[in-house]
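2 protein chains.
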Amino acid sequence: MIFFKVASLYLSDWLCQLSVTSDKNINIAKARTSIELASKQGASLVILPEMWNCPYSTDYFAEFAETLDAHDITAAPSCSMLSEVASREGITIIGGSIPERSGGKLFNTCCVFAPNGELLAKHRKMHMFDIDIVGDISFKESDIFVPGEEPTIIDTDVGRIGVGICHDIRFPELAMVYRARGCHLICYPGAFNVSTGEALWELEQRARAVDNQLYVATCSPSRDSAGSYTIWGHSTLVNPFGEIVATSGHDQTIIVTEVDYSAVQCTRDALPIWKQRREDVYRFID
Amino acid sequence: MIFFKVASLYLSDWLCQLSVTSDKNINIAKARTSIELASKQGASLVILPEMWNCPYSTDYFAEFAETLDAHDITAAPSCSMLSEVASREGITIIGGSIPERSGGKLFNTCCVFAPNGELLAKHRKMHMFDIDIVGDISFKESDIFVPGEEPTIIDTDVGRIGVGICHDIRFPELAMVYRARGCHLICYPGAFNVSTGEALWELEQRARAVDNQLYVATCSPSRDSAGSYTIWGHSTLVNPFGEIVATSGHDQTIIVTEVDYSAVQCTRDALPIWKQRREDVYRFID
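First to last, the protein sequences are chains A and B. Quick note on numbering: our numbering labels position 137 of the first sequence as 137, and the sequence is numbered without any gaps. Quick note on numbering: our numbering labels position 228 of the second sequence as 228, and the sequence is numbered without any gaps.
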């Protein structure tokens, strides 16, 4: 819990790049082991990948979906595990995402748990990944999922955090909303594919970090997930100056790294782009 | 003039990365020679660097300033030359920037000339470069220049172009305004320095191109400019997918490259992020 030891400047930040299988129980067990491992080494914040309990494939989303009721998550095995581990280890968990069933609809949803096990927030992916590159990749997430209606900002033991899921990172506006509302870190569980991953994944993360002068942390499944969708991997932490603090390849791994929030203020003091915006000319409504 | 030959899909695009001296006449002569050279090789659009007629130093801005009256530019030798060359060669010129004197104030201004020599538009740099990195670089442009009041969009023979100057590139909002108003190319004459250039110059260009799915062209002075401000160089063209089409080092050079506007629509069709924006949640007012 370095975050508290060093005058609120540091926290240990774990990104768990998991290999996802078509057996939900195995996925839950793997995630539990990784989180415990991270916690044993002092992590106060753990981030999981998008669709960590389910292969990223339209064949599985409905079958793997859970009902996420904040007052009773006993019927949701993936979330019950996250809640239990968060509470036992005393850590904050940005729970990647899983398919959520609600009112007959499916959402791509990230659950955030406090160190007491409480479900702090659910972020439902707001921007659907509908892509059609002829001869390369075609995928229409909006055929299956319903988009969420609002940004998600959470005050945690390790600071104010904004959450986006994968394709949400392509929209500068969402990151601007988080900056405007005081976030120092945006977490994007993601599952970019090999078609757009190499060109865009790192670029999007660095752009969001630099434009808003805050930290960006991403977490992806590893490449050997089941299904036809080939994952790019490369979970990464970027600092407010756009530098890559830590990153991974595409294999299953855990990254541990430190987030120094003082870099946020330092960057903003050196180059105060937020104050230099011309709100008399253009303006953002959130 | 390939642009017209290939069904409006291509244009030759020249970026002239000039070495700037403390003799204005020499700078004007150099720029003229470079533009003529570009035109001889078929360029229909030429972009010059920020402050191409003047060292990037507070010691020179007032002395090198010109009065830019669209109806009579004979008293402005830098602009008269651009108008004359544009007309003689039948090309469009995005005239980098020079110090402009108007109503007792100084502006950092880009003049755009049509193939008939007409002054099509003036873009006055909207965001002042005020930076203070302890032990590295400190510069306060707002001590000298007054910022411009509006974005600049120009319909030219080579398409609808948005203009920003250097630090303007750090503001995603300005590029979004240009995207919203139908630009397919944003030109940023710039003069990034070695302190922030390596970390940010390429990243900013690629981010603006990818987020708005359009071309971004930048043009910088070369490194051996007079004065204490060490230029980063690296004039670049980025396509709508964020790929670098052409770039330079930091020495004086001319880049010639082709812009294929069909890539704009192709990228937007494949991944329609503009339509996927959640204007019910956040919105931009320009």
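The beta carbon of each residue, even a glycine, is placed where N, CA and C say it ideally should be.
Asked	Found
Do A:Ser34 and A:Ile254 count as a contact pair if the criterion is CB distance below 8 angstroms?	yes
Can you check whether the C-beta of A:Gly242 is within less than 8 angstroms of a C-beta belonging to chain B?	yes
Report all residues from its chain with a CB closer than 8 angstroms to the CB of B:Ser102; omit the five preceding and five following residues, and keep chain order.	Thr67 and Leu68
A:Ser138 bridges to which residues according to DSSP?	A:Asp132
From what residue to what residue does the alpha helix (DSSP H) around A:Ala175 run?	Pro172 to Ala180
Given a cut-off of 8 angstroms, decide if B:Tyr261 and B:Gly159 are closer than it, judged by their beta-carbon atoms.	yes
Label B:Lys316 either buried or exposed according to how many other C-beta atoms from any shown protein chain fall within 10 Å of its C-beta, with 16 as the threshold for buried.	Chain B is shown only over 1 to 286; residue 316 of chain B falls outside these bounds and no answer can be derived.
Using three-state DSSP, classify A:Arg283 as helix, strand or coil.	strand
Spatial neighbours of A:Glu149 within its chain, please: C-beta separation below 6 angstroms, excluding the five flanking residues on both sides.	none
Could you run through the segment 197–213 of chain A and flag, in chain order, every residue whose CB is less than 7 angstroms away from some CB of chain B?	Ala199, Leu200, Leu203, Arg206, Ala207, Val210 and Asp211
Would DSSP call B:Phe241 helix, strand or coil?	coil
In chain order, what are the residue ranges of uninterrupted alpha helix (DSSP H) at least 4 long that sit wholly in the segment 24–91 of chain B?	24–40, 61–64 and 77–89
Between A:Gly96 and A:Leu48, how many whole angstroms is the CB-CB distance? I'm expecting something under 8 angstroms.	3 angstroms
For a test of the three-state rule: what should DSSP assign to B:His288, helix, strand or coil?	This structure leaves residue 288 of chain B out entirely; chain B is present only between 1 and 286.
For the segment 175–190 of chain B, list every residue whose C-beta sits within 7 angstroms of some C-beta in chain A, in sequence order.	Val177
For B:Ala270, which residues in chain A fall below 7 angstroms Cβ to Cβ?	Ile131, Asp132 and Ile133
So what's B:Asn183 in DSSP terms, helix, strand or just coil?	Looking at the sequence provided, one finds Cys at residue 183 of chain B rather than Asn. It is coil, neither helix nor strand.
Check whether the Cβ atoms of A:Ile169 and A:Ile161 sit closer than 8 angstroms, and answer yes or no.	no
Run through DSSP, which three-state label would B:Val259 get?	strand
Would you tell me roughly how many angstroms separate the C-alpha atoms of B:Ile91 and B:Cys187, rounded to the nearest one?	16 angstroms
Which residues in the same chain have their Cβ closer than 6 angstroms to the Cβ of A:Met128, if we skip the five residues on either side of it in sequence?	Glu141, Ser142 and Pro147
Given that a residue counts as buried once 16 or more other Cβ atoms are within 10 Å of its Cβ, and exposed if not, what is B:Glu100?	buried
Could you run through the segment 43–56 of chain A and flag, in chain order, every residue whose CB is less than 8 angstroms away from some CB of chain B?	none
At which residues does the beta strand (DSSP E) containing B:Ala217 begin and terminate?	Tyr215 to Cys219
Identify every residue that forms a DSSP beta bridge with A:Asn193.	A:Ile231
Using only the alpha-carbon positions, how far apart do B:Tyr60 and A:Pro240 sit?	34 angstroms
Who pairs with B:Ala246 in a beta bridge, going by DSSP?	B:Leu237
So for B:Ile165, helix, strand or coil by DSSP?	coil
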